[in-house]
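Asker: Sequential numbering from 3 applies to the sequence shown in the numbering used here.
Glycine is no exception: its CB is placed at the ideal position from the N, C-alpha and C atoms.
Keep in mind it's a predicted model, so treat the numbers as computed, not measured.
Okay, handing you the structure first.
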Amino acid sequence: MFRSRAHADVLTKVFNIPSQSMTPALAQIILSWDFPEPEASRVIELSAKANEGALTDDEAAELETYVNIGDLLAYWQSKARQALQQA
């Protein structure tokens, strides 16, 4: 099974922008990022199947990827909010 956590960890390290060095413009851009509608709907669909215990291995890997990317996005957006508070 594909394990995407390592990818998210590496991306966090590569794009670790300290909040004090993030410009307000960059922070606003990061805060505007979100999953496009088709992907957001897919996450809801996969989550519902997971709650029912009906995910295939491929679907579980897909959901894990979305969750990890969502975690990474939340991390960056947290940094962006901190940067805006400091500005």
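1. Quick check on this structure: which residue in 24, 45 and 16 has the alpha carbon closest to the alpha carbon of residue 62?
2. Should residue 8 be labelled buried (16 or more other beta-carbon atoms within 10 Å of its own) or exposed?
3. Mind checking whether residue 74 and residue 10 have CB atoms under 8 Å apart?
4. Closest to residue 67 by CA distance: which of 25, 37 and 85 is it?
5. Flag this pair as yes or no: are the beta carbons of residue 24 and residue 82 separated by less than 8 Å?
Answerer: Checking against the coordinates, here is how it stands:
1. When each option's Cα is compared against that of residue 62, the closest is 45.
2. exposed
3. Yes; because the gap between Cβ atoms is below 8 Å, this pair is in contact.
4. 37
5. In this structure, the beta-carbon distance from residue 24 to residue 82 falls below 8 Å.
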